[in-house]
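Input: a single structure, listed below in structure tokens.
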Amino acid sequence: MLVVAIAVKDNLIAQHFGHCDYFKVYEVENNQIKNDYQIKNPPHQKGALPNFLYQNNINVVITGNLGEMAVNNLVNLGIEAIRGVEGQPEEIIKKYLNNTLESSNVICEEHQNHNH
6 MLVVAIAVKD NLIAQHFGHC DYFKVYEVEN NQIKNDYQIK NPPHQKGALP
56 NFLYQNNINV VITGNLGEMA VNNLVNLGIE AIRGVEGQPE EIIKKYLNNT
106 LESSNVICEE HQNHNH
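When we follow our numbering, the leftmost residue of the sequence shown carries the number 6, and every step to the right adds one.
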């Protein structure tokens, strides 16, 4: 089973990964959504989200802006990171499953030399 988490803020893809309201999680089997639910974003701590997502068995994260350190931390945990995405979670998961999701792969410059 593939577990995809989409970072959400105000019912849209969160443009700041660490400040999303929650993650909309989709459990996918044979390219079909079997279950969906939300997990609340824990209090913001530098570097904590990749481990939190790993502990929740997430395989893929889709978000707006995402810093290079977060991408590296996710990848090191075996989580695919897709960034530079905009829209509503329901349309994004459909595009992901149909291999039509476009991402800009933009690095969140704000976090290149950012200390929380």
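Quick reminder that beta carbons are idealized off the backbone N, C-alpha and C, glycines included.
Assigned exposure category for residue i - 16 Cβ within 10 Å defines buried
i, result
"N70", "buried"
"H121", "For H121, the predicted model reports a pLDDT of 35, less than 50, meaning its position is unreliable; a value from the coordinates is still stated below. Per the 10 Å Cβ criterion, exposed."
"N40", "exposed"
"G52", "exposed"
"G83", "exposed"
Alpha-carbon to alpha-carbon, residue j and residue i
i, j, result
"H98", "Q50", "The sequence as given places Ile at residue 98; His does not occur at that position. Rounded to whole angstroms, I98 to Q50 spans 27 Å at the Cα level."
"N16", "Y42", "14 Å"
"H21", "T68", "8 Å"
"I63", "N81", "13 Å"
"L30", "E73", "The identity of residue 30 in the sequence shown is Val, whereas the question assumes Leu. Each residue's alpha carbon lies about 23 Å from the other."
"V2", "L79", "Within the shown structure, residues of the chain are numbered from 6 to 121, placing residue 2 beyond reach of any answer."
"G89", "S109", "5 Å"
"A86", "L58", "11 Å"
"L106", "I18", "13 Å"
"P94", "F28", "10 Å"
"N77", "I11", "18 Å"
"N104", "E96", "12 Å"
Which listed residue (the options) has its alpha carbon closest to that of residue i
i, options, result
"V9", "D15, D26, F22, I38", "I38"
"G92", "N103, V13, M6", "V13"
"P48", "E34, D26, E85", "D26"
"A75", "I11, I18, A19, G23", "G23"
DSSP bridge partner residues for residue i (one or two, in chain order)
i, result
"F28", "A12, I44"
Beta-carbon proximity check, residue i vs residue j, cutoff 7 Å
i, j, result
"N61", "I44", "yes"
"V33", "L7", "yes"
"L102", "N36", "yes"
7 Å Cβ cutoff, residue i in contact with chain C
i, result
"A12", "No chain C is part of this structure, which consists of one protein chain only."
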